[in-house]
Amino acid sequence: MTTLLPTAEGRRAVYGRGALRRLCRAGRRFGVNVTLFSKVLAALDGSLTAEAALGFLPSVMEPQPANEVILFTAVESGADEDLTTAKTYLDRTAADLTEWWRRTGMPVPIIHTRAAPAQHGEPNRPPGKRRISNAVVDTAKAAQADLILLSSNGWAGLVAEVVLQLAETAVLLVRADDFHRVAPAKISRILVPLDGSELAEQALPCAAAVASRAGAREATVAHVRLPREGAASKIMRPTWDFRPFPRGEEGAYLTEAARRLEGAGMAVTTALRDGDPGPQVAAEALECGADLIVMASHGRSGNQTRPYGKVADDILHASPAPVLMLHTGE
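Pasting the structure below:
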C-alpha cells in the first residue's frame, strides 16, 4: 500500500512516533468539511446490476446542483445502429435517475449521457474487455471526472479489474450481486485500512465526509501487522510493503487515528490483524459488518505500471463490501 523504504531511517520517518505525531497534528485540523466528488462517470452495460450502483451516487457526491454525472457505455461493435440504441438506453436511464434523485429531496446534478465505440485492435474482430475498459478510463480522463463508478459481479469482472489497473482517479466498485435496483445506499459502518503512511491516512477525512453524507455513525480503523523481515528479505522483496510497525506501537497509532473519526461524530473501533494485508482487510470487513471500505493506495512510481497495487487487487477480489479506492497521484 506504500512505497518501499527499506532502511531503519526510512521506517522511523513513516512509522512509530513520527506517525503518531503526524496524526496528532492532523487531528487538530481534521473535520468533515472535505470536498467529496463533483463529477462522476458511471459505467453502465445495460444490466440492472450495473444500474444498481447508481444508488451510491448521493453518498459520495457534494449536494450541489452544479455537479455532474456522466452515464457512459462502450459499444463493442461501434456500428451506428448500436450506438443509437445505446444512446437511447442512456437517455432513458438518465430520465429515470433524475426522477429518482428528485424524490430523495436532494439537489439533482447535471446528468449527461455518452456512448462511444470501443477501439478495435484488429479488423473484423470485436474488441476485448481491455479495450472497453480503456474506453471507460479515457472518457473519464477527457471529461476530468474525479470518480469512476461501476459494478462488478463478485469482483471477477475483467472490465472492473482493468479499469482499476488503468485509472488515474478514484474508483468506486460495487458488488453487482448484492444490489438489484437503484436505491439509496445504506451505509452504517465504514472500514478504513491504514498501513501507517501519510498517504493511507488521506482516506480518513474522505471516510468522514462520506459518513456525513450517508448518515453512517460507525467506523472501524484497521491495521494489518506484516511478517517480520528475514534474512532472505534483503534479496527477495515481496510485492507488498514488508515493513512492520515497531512492535507495541500499533495500538497507539490506531487509537490516534480513531480519534480523528470520533471528532467527526462517529463511534469508532480499532482492529489489529496479522498476515497478508489484502485478505486480512477483506476478512475484517466481513467480521465488522462494513458497508463500505474507504482506502487510499499509491500512484505510479518507478517501473510500476498500475496505479493500485497487489493489496488493492486482493481487497477488491475478496471484499464483501463496496470499495472506494482513492488515487492520490503519488
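The working numbering numbers the first residue of the sequence shown as 18 and each following residue consecutively.
Cβ atoms here follow ideal geometry from the backbone N, Cα and C, with glycine treated the same way.
Pull up the distance between the alpha-carbon of residue i and that of residue j, whole angstroms please.
i: valine 209; j: aspartate 308; result: 11 Å
i: leucine 343; j: isoleucine 332; result: 14 Å
i: glycine 72; j: isoleucine 207; result: 17 Å
i: valine 179; j: glutamate 68; result: 19 Å
i: serine 94; j: aspartate 108; result: 20 Å
i: leucine 190; j: serine 168; result: 5 Å
i: glycine 122; j: threonine 110; result: 19 Å
i: phenylalanine 54; j: glycine 213; result: 25 Å
i: alanine 132; j: alanine 159; result: 14 Å
i: threonine 130; j: aspartate 330; result: 29 Å
i: alanine 233; j: arginine 276; result: 16 Å
i: glutamine 81; j: arginine 119; result: 13 Å
i: arginine 323; j: leucine 303; result: Since pLDDT at arginine 323 reaches only 47, below the 50 mark, its modelled position is unreliable, and the value read off the structure follows with that caveat. When rounded, the distance between both Cα atoms is 27 Å.
i: alanine 231; j: leucine 100; result: 35 Å
i: threonine 351; j: aspartate 155; result: Residue numbering for the chain in the displayed model covers 18 to 347; residue 351 lies beyond these limits and cannot be assessed.
i: proline 126; j: leucine 164; result: 15 Å
i: leucine 4; j: proline 201; result: Nothing can be reported for residue 4, as the shown portion of the chain is limited to 18 through 347.
i: lysine 11; j: isoleucine 128; result: Nothing can be reported for residue 11, as the shown portion of the chain is limited to 18 through 347.
i: phenylalanine 305; j: tyrosine 106; result: Note that residue 305 corresponds to cysteine in the displayed sequence, not to phenylalanine. The straight-line gap from Cα to Cα measures roughly 39 Å.
i: lysine 327; j: glycine 280; result: 32 Å
i: glutamine 297; j: arginine 290; result: 7 Å
i: leucine 216; j: leucine 181; result: 18 Å
i: proline 134; j: alanine 83; result: 28 Å
i: valine 199; j: histidine 334; result: 23 Å
i: aspartate 293; j: threonine 102; result: 46 Å
i: alanine 314; j: threonine 345; result: A small correction: the amino acid at residue 314 is serine; alanine does not occupy that position in the sequence shown. The alpha-carbon atoms of serine 314 and threonine 345 are separated by roughly 7 Å.
i: glutamate 85; j: lysine 56; result: 5 Å
i: proline 124; j: valine 176; result: 31 Å
i: alanine 157; j: aspartate 62; result: 16 Å
i: arginine 192; j: serine 205; result: 17 Å
i: alanine 269; j: glutamate 218; result: 15 Å
i: isoleucine 87; j: serine 336; result: 26 Å
i: valine 188; j: lysine 104; result: 24 Å
i: arginine 242; j: glutamate 301; result: 13 Å
Counting C-beta neighbours from all protein chains within 10 Å, is the total for residue i 16 or more, i.e. buried, or is it exposed?
i: leucine 166; result: buried
i: glutamate 98; result: exposed
i: alanine 338; result: buried
i: proline 222; result: buried
i: glutamate 267; result: buried
i: threonine 203; result: Going by the sequence as given, residue 203 is lysine instead of threonine. That one is exposed.
i: glutamine 350; result: Because residue 350 is not part of the residues shown, which for the chain are 18 to 347, the question remains open.
i: alanine 96; result: exposed
i: glutamate 116; result: exposed
i: glycine 265; result: exposed
i: glycine 295; result: buried
i: threonine 256; result: Residue placement at threonine 256 cannot be trusted, given a pLDDT of 44 that sits under 50; the coordinates are not used to answer.
i: alanine 112; result: exposed
i: serine 76; result: buried
So residue i packs on residue j, CB below 8 Å; how close in whole Å?
i: alanine 60; j: valine 153; result: 5 Å
i: methionine 78; j: alanine 220; result: Actually they are not in contact, since the Cβ atoms of methionine 78 and alanine 220 sit about 18 Å apart, beyond 8 Å.
i: leucine 58; j: phenylalanine 89; result: 6 Å
i: alanine 226; j: leucine 278; result: Not a contact, Cβ separation roughly 11 Å.
i: isoleucine 310; j: leucine 271; result: Rounded, the Cβ-Cβ distance is 16 Å, inconsistent with contact.
i: isoleucine 149; j: alanine 91; result: 5 Å
i: alanine 274; j: leucine 211; result: 6 Å
i: leucine 183; j: asparagine 151; result: 7 Å
Handout entry: Every unbroken beta strand (DSSP E) inside the segment 195-220 [3 residues or more]
Key = Listed in chain order, the complete beta strand (DSSP E) runs (minimum 3 residues) inside the segment 195-220 are 206-210.
Problem - the segment 281-300 touching the segment 231-238, judged by at least three CB pairs closer than 8 Å - result: Because the criterion of three Cβ pairs below 8 Å is met, the segment 281-300 and the segment 231-238 touch.
Handout entry: Ordered list of beta strand (DSSP E) runs contained in the segment 273-315, each at least 3 residues
Key = The segment 273-315 contains these whole beta strand (DSSP E) runs: 284-291, 309-314.
Problem - Minimum length 4: unbroken alpha helix (DSSP H) runs contained in the segment 50-85 - result: List check, alpha helix (DSSP H) in window: 65-69, 74-77.
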